[in-house]
Every structure is written in structure tokens, then in C-alpha cells.
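Engineer: There's a structure below that I have some questions on.
Residue numbers (full-length UniProt numbering): 1 to 333.
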């Protein structure tokens with residue numbers, strides 16, 4: 001009887017190993033397809049791209065939406081047109097950023113807090129209060145969450161931030177744009193328009209947007225900067241980790257979704273997360289791949305409902321890809 005049980009356990013163990021290998025193979029194939037698609041798009045960028053079927057992946061189901069009444073600067077709900085070339089503008093902006101950095105001789109080298117990190121505040125005469133984090137995505141645009149802008153009052157952005165919470169550059173906000181179907185955690189994306197263009201330097205420059213539909217985990221890292229709005233915590237903390245197959249998180253994060261491989265979920269092995277009071281990113285998440293260009297991309301506006309054990313964290317993302325049409329409509333306008 002013990003021999004039979006041992007054989008059954010061996011078969012089960014072997015099946016699980018094969019299943020894991022298949023999942024890893026699928027992830028690698030997805031990454032390859034995504035890579036080829038991006039290269040094809042660059043080679044044929046003058047050709048029109050097909051229209052996306054679902055501009056907003058998670059439309060709001062609420063009956064009505066309350067518009068902010070007293071916001072300075074004003075909030076604009078931008079209606080996103082069904083643009084056939086969605087993603088194309090983001091690629092063009094990325095090329096312009098790279099060209100500008102090369103022209104100025106600026107090398108992408110991150111030491112400490114990232115050059116595109118933006119801190120959104122409500123600035124008053126004698127003081128200021130923290131609102132949220134964001135990412136500079138162009139000379140005068142900052143990507144952030146709709147939740148941050150919906151409550152109103154945000155009027156200032158700090159750039160060229162250092163780990164001690166000091167910054168070298170400040171810009172007033174000209175206008176804020178929130179997703180027209182924002183409701184609670186759904187469609188939680190917003191764009192800030194600054195009063196003037198940002199002068200690029202080694203301390204501050206934008207990040208490109210991640211425009212692929214799938215998230216490759218091959219040699220990939222995720223990082224973001226955590227801000228604790230407290231006089232007791234006087235430093236910004238960067239959390240960085242390796243993307244791993246979601247099966248590492250599935251055992252403790254099944255409550256995230258019925259399908260643990262839903263494309264808005266990731267599993268990360270953070271190198272220093274145990275030292276933080278982590279709840280959610282409260283700002284942009286950046287993505288890098290060591291085996292490709294090594295250049296960072298903004299992959300998510302925010303993360304929510306994060307679960308963890310002693311090694312891994314499961315995160316549900318507000319993915320940039322799902323809202324490219326909205327983001328581009330703001331930049332285009």
C-alpha cells in the first residue's frame with residue numbers, strides 16, 4: 001500500500017513540475033511574441049494599426065458619476081476617441097524623448113530616486129501636503145492616479161527628487177485630467193498637465209510608456225518609490241524586485257481573481273520589501289528587462305489589493321496598456 005501511495009505522490013509531483021515548465025514556456029513565448037510585435041510596429045509605424053476592440057477594459061458600472069465642484073486647477077474629463085492608431089503616439093513620444101536625451105548627452109543612469117519620479121502636492125502659502133506619486137511621461141505631462149486628482153486641491157509637482165525628500169525642480173499644475181469613467185478603483189488613471197515644459201537634465205527626464213499587451217517576466221524587474229507622508233519618515237524608499245511566475249503567489253493570493261493568470265496580476269520577489277510598511281504603490285510602477293535595452297518603462301499607474309508572504313508579493317495593476325487611448329487623447333489635445 002505504501003508503495004502505491006509513493007507512486008501516486010511521484011506522479012502528482014511530476015505532473016506539477018511539467019505544469020510549471022509549460023507555464024514558464026508560455027510566458028517565454030508571450031514575451032517573444034510581444035517583442036516581435038513591438039519591432040514590427042516600429043518597422044511599419046507609418047501603416048495604420050487596427051482599431052482596439054475595448055478601449056476601456058473595466059468600464060464603470062455605477063449609475064452616475066459625481067463631478068468635482070471646486071478644483072484648482074480645473075479638472076477635465078477627457079472623452080477618449082476610438083483612435084485606430086492607439087499606442088502610436090506613445091511610441092513617437094518615446095522616440096522624441098530618446099532623441100532629446102541623446103542630443104543633450106544625457107545617459108540613462110539611475111542612482112537613488114528615479115529621474116522621472118514626480119511627487120504631487122497641494123501647495124499652500126507656508127506649507128504643502130502630499131497627494132500621491134506620479135511619473136513624468138513628457139515635457140509637460142505627468143501620469144498619476146485618478147484617485148489622487150479626484151479629491152481636488154493638487155496644484156504643484158516636485159521633480160528631480162532625492163531620497164531625503166528634497167527636490168530641485170517644482171512646477172505648477174495647469175490642468176488635471178481624470179478618466180471619464182473613473183469610479184472607486186475602476187479606471188483609476190489621470191494625467192497632469194504642467195504650466196511649462198520641463199528642461200531635461202541628468203536629474204530629471206521622462207520615462208516611456210509600456211505599450212505591450214502582455215507582461216514579459218524574462219529577466220524582468222519591477223520597481224517603484226514609496227512615500228510615507230510622515231515627519232518621522234524623512235526619506236523616500238525605492239522597492240525593487242524580480243518578476244516571477246504567478247504560481248509562486250497563487251497559494252496565498254487566490255482571492256485576487258478566479259483566474260490567477262489574469263493579465264493584470266503579477267507576482268514579484270521584492271529584494272527589500274520586508275523592510276517597508278507596504279500596502280500599495282500609491283503611484284507609478286516601472287518595468288525593466290536586463291536582456292533587452294535595459295530602459296525602464298512605466299507599466300502601471302498604480303497597484304491595489306496587494307497580498308504577500310515572507311518572499312513574494314501579489315499585485316493587481318492598473319496597467320498603462322489598458323488606458324493608452326485615454327492618455328494619448330490628453331497628450332494629443
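For every residue, glycine included, the Cβ atom is placed at its ideal position computed from N, Cα and C. Computed from a prediction, not measured in an experiment: that's the story for all the values here.
If I follow the unbroken alpha helix (DSSP H) through residue 203, where does it start and stop?
Structural biologist: No alpha helix (DSSP H) contains residue 203, which DSSP labels as neither H nor E.
Engineer: Taking the beta strand (DSSP E) that residue 286 falls in, what are its first and last residues?
Structural biologist: Residue 286 -> beta strand (DSSP E) spans 285-289.
Engineer: Mind checking residue 10: buried by the 16 CB within 10 Å criterion, or exposed?
Structural biologist: Exposed: under 16 other Cβ atoms inside 10 Å.
Engineer: Where do the ends of the alpha helix (DSSP H) carrying residue 150 lie?
Structural biologist: That run of the alpha helix (DSSP H) goes 146-150.
Engineer: Whole-angstrom Cβ separation of residue 225 and residue 165, contact assumed at under 8 Å?
Structural biologist: Actually they are not in contact, since the Cβ atoms of residue 225 and residue 165 sit about 11 Å apart, beyond 8 Å.
Engineer: What is the DSSP secondary structure of residue 91, reduced to helix, strand or coil?
Structural biologist: Residue state, collapsed to three classes: helix.
Engineer: How would you call residue 97, buried or exposed, if buried means at least 16 neighbouring beta carbons within 10 angstroms?
Structural biologist: Residue 97 should be labelled buried.
Engineer: Note down the Cα distance separating residue 212 from residue 156, rounded to an integer number of angstroms.
Structural biologist: Residue 212 and residue 156: Cα-Cα distance of roughly 31 Å.
Engineer: Just how far apart, CA to CA, sit residue 249 and residue 239?
Structural biologist: Distance between the alpha carbons of residue 249 and residue 239: 18 Å.
Engineer: For the alpha helix (DSSP H) that residue 328 lies in, which residues bound it at each end?
Structural biologist: Element bounds for residue 328: 324-332.
Engineer: Mind checking residue 103: buried by the 16 CB within 10 Å criterion, or exposed?
Structural biologist: It counts as exposed.
Engineer: Given 8 Å as the limit, is there contact between the stretch 264-274 and the stretch 193-207, that is, 3 or more CB pairs closer than that?
Structural biologist: Taking 8 Å as the limit for Cβ pairs, the verdict is that the stretch 193-207 does not touch the stretch 264-274.
Engineer: Give me the Cα-Cα distance between residue 145 and residue 320, rounded to the nearest whole angstrom.
Structural biologist: Computed Cα separation, rounded: 11 Å.
Engineer: Expressed to the nearest angstrom, what Euclidean distance is found between the alpha-carbon atoms of residue 169 and residue 208?
Structural biologist: Roughly 20 Å between the two C-alpha positions.
Engineer: Could you check which residue in 138, 133, 126 and 129 has the C-alpha nearest to that of residue 92?
Structural biologist: Minimum Cα distance to residue 92 is reached at 138.
Engineer: Alpha carbon to alpha carbon, how far is residue 324 from residue 331? Give it in angstroms, no decimals.
Structural biologist: Roughly 11 Å between the two C-alpha positions.
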